[in-house]
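One structure is given below, encoded as structure tokens.
Residue numbers (our numbering): -2 to 353.
Set out below in structure tokens:
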């Protein structure tokens, strides 16, 4: 079923220019008490454009607390990492290598007959009807495909919503089919290197586990999912999304509005988390969180202040990240003055129906 975008009056903002006095906030001093009270174990990055305003690691990288956590230690971004497969598919669409209405069976072999009705748009929007993953230690891409082969659809594609990681694995396999590369190689050359994500890597085998991965993640080896990054890597990725290095503003514009099946009106149509608009329909911020299972991540971009906040932890307490995010957002609202903002540049939604 062809899905139609229910366009909002989303306004995309250029990165603002700030007076020097707007950079004087003592971010760490304002959140240090929360960090110590909650037992936060992780890394915090706050930046604006290319400026890093706070980059702080607290705690340990190992379970027995002998290795101090540093800025170079890697975390699993959980669901935030799904953005990499989303961007990969969108890059190939921009090059006319695929269409969002293509059947996934055109690119992925050995799928059951019921999967022929699933389109690329469905797997980008979690409306495919693919079942949940049955997790086990060391689960691989082959295991995921076997589960699809042996599974049954949750609903007719395009008629319901189920957030499942099998959609993400299929995205990665489509990229491999089109490019002739492993997904690990594609994401490294077309996203990680382009965004200058110097520590990010995609693991495909148990033997590849890096010594700099912080303890507490669930061991997997799945295409599109077993990805590790530093918080600074995620910060660079966010900047690359919005400076045009990875995608055009037109593509990002079409990826946000349109969801009508998840029951969450601000969930991004494609897999970018959630977005927030003001009373005029102008884009104010977007945000994505993820977990795996003791690793937690929040990526928040405030388009009014220009601040990007990346929080990654391994203490298993996601609520701590939201406490920190709330305080950091409050600091942003206090420090930014209207005179520091460059005039906004509006990009109006395209008046056609489909995301292809």
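By construction, the Cβ of each residue, glycine as well, lies at the ideal position given by its N, Cα and C atoms.
On the criterion of 16 or more Cβ atoms from any shown chain inside 10 Å, does residue i qualify as buried, or is it exposed?
i, result
"residue 61", "exposed"
"residue 278", "exposed"
"residue 20", "Unreliable positioning characterises residue 20 in this predicted model, as indicated by a pLDDT of 48, which lies under 50. A coordinate reading is not provided."
"residue 282", "buried"
"residue 152", "exposed"
"residue 65", "exposed"
"residue 435", "This structure cannot settle anything about residue 435, because the visible part of the chain is limited to -2 through 353."
"residue 365", "The structure shown has nothing for residue 365, since the chain only spans -2 to 353."
"residue 79", "buried"
"residue 91", "exposed"
"residue 235", "buried"
"residue -2", "For residue -2, the pLDDT reaches just 36, beneath the cut-off of 50, and the residue's location in the model is therefore unreliable, leaving the point undetermined."
"residue 177", "exposed"
What distance in whole Å lies between the Cβ atoms of residue j and residue i, which are believed to be in contact at a cut-off of 8 Å?
i, j, result
"residue 71", "residue 226", "6 Å"
"residue 167", "residue 105", "6 Å"
"residue 201", "residue 181", "5 Å"
"residue 136", "residue 217", "5 Å"
"residue 191", "residue 237", "6 Å"
"residue 289", "residue 196", "So it is not a contact: roughly 17 Å between Cβ atoms."
"residue 175", "residue 84", "Between residue 84 and residue 175 the Cβ distance is about 14 Å, and since that is not below 8 Å, they are no contact."
Whole angstroms are fine: how far does the CA of residue j sit from the CA of residue i?
i, j, result
"residue 18", "residue 220", "In this predicted model, residue 18 has a pLDDT of only 37, less than 50, meaning its place in the structure is not dependable enough to derive any value."
"residue 150", "residue 94", "27 Å"
"residue 328", "residue 121", "34 Å"
"residue 132", "residue 246", "36 Å"
"residue 140", "residue 276", "46 Å"
"residue 233", "residue 38", "22 Å"
"residue 316", "residue 269", "21 Å"
"residue 142", "residue 25", "45 Å"
"residue 213", "residue 291", "5 Å"
"residue 58", "residue 96", "42 Å"
"residue 271", "residue 107", "33 Å"
"residue 4", "residue 257", "Its pLDDT being 37, under 50, residue 4 is placed unreliably by the model, and nothing is read from it."
"residue 319", "residue 33", "15 Å"
"residue 240", "residue 48", "14 Å"
"residue 44", "residue 305", "5 Å"
"residue 185", "residue 209", "18 Å"
"residue 402", "residue 63", "Outside the shown range of the chain (-2 to 353) lies residue 402, about which nothing can therefore be said."
"residue 146", "residue 286", "30 Å"
"residue 109", "residue 127", "11 Å"
"residue 101", "residue 224", "23 Å"
"residue 206", "residue 322", "30 Å"
"residue 28", "residue 99", "48 Å"
"residue 117", "residue 330", "39 Å"
"residue 254", "residue 86", "18 Å"
"residue 264", "residue 303", "21 Å"
"residue 203", "residue 274", "42 Å"
"residue 294", "residue 324", "16 Å"
"residue 67", "residue 158", "39 Å"
"residue 262", "residue 183", "32 Å"
"residue 134", "residue 298", "33 Å"
"residue 56", "residue 215", "20 Å"
"residue 112", "residue 103", "10 Å"
Thinking C-alpha only, which one of the options is nearest residue i?
i, options, result
"residue 162", "125, 272, 183", "125"
"residue 231", "30, 113, 42", "42"
"residue 144", "130, 155, 157, 154", "130"
"residue 266", "174, 123, 78", "123"
"residue 88", "217, 318, 204, 244", "244"
"residue 74", "273, 296, 248, 85", "296"
"residue 36", "92, 330, 253, 310", "310"
"residue 51", "23, 31, 30, 63", "23"
"residue 179", "193, 198, 194", "198"
"residue 46", "159, 324, 229", "229"
"residue 40", "331, 211, 261", "211"
"residue 280", "175, 301, 261", "301"
"residue 326", "53, 242, 307", "307"
"residue 114", "134, 103, 148, 154", "154"
"residue 259", "160, 30, 242, 53", "160"
Could you check whether the Cβ of residue i sits closer than 8 Å to any Cβ belonging to chain D?
i, result
"residue 260", "The structure shown has no chain D; it contains just one protein chain."
Based on DSSP bridge pairs, tell me the residues matched to residue i.
i, result
"residue 287", "294"
"residue 199", "224"
"residue 57", "65"
"residue 52", "42"
"residue 267", "Partner(s): none; residue 267 has no beta bridge."
"residue 282", "273, 299"
"residue 71", "210"
"residue 116", "100"
"residue 304", "45"
"residue 136", "217"
"residue 310", "39, 293"
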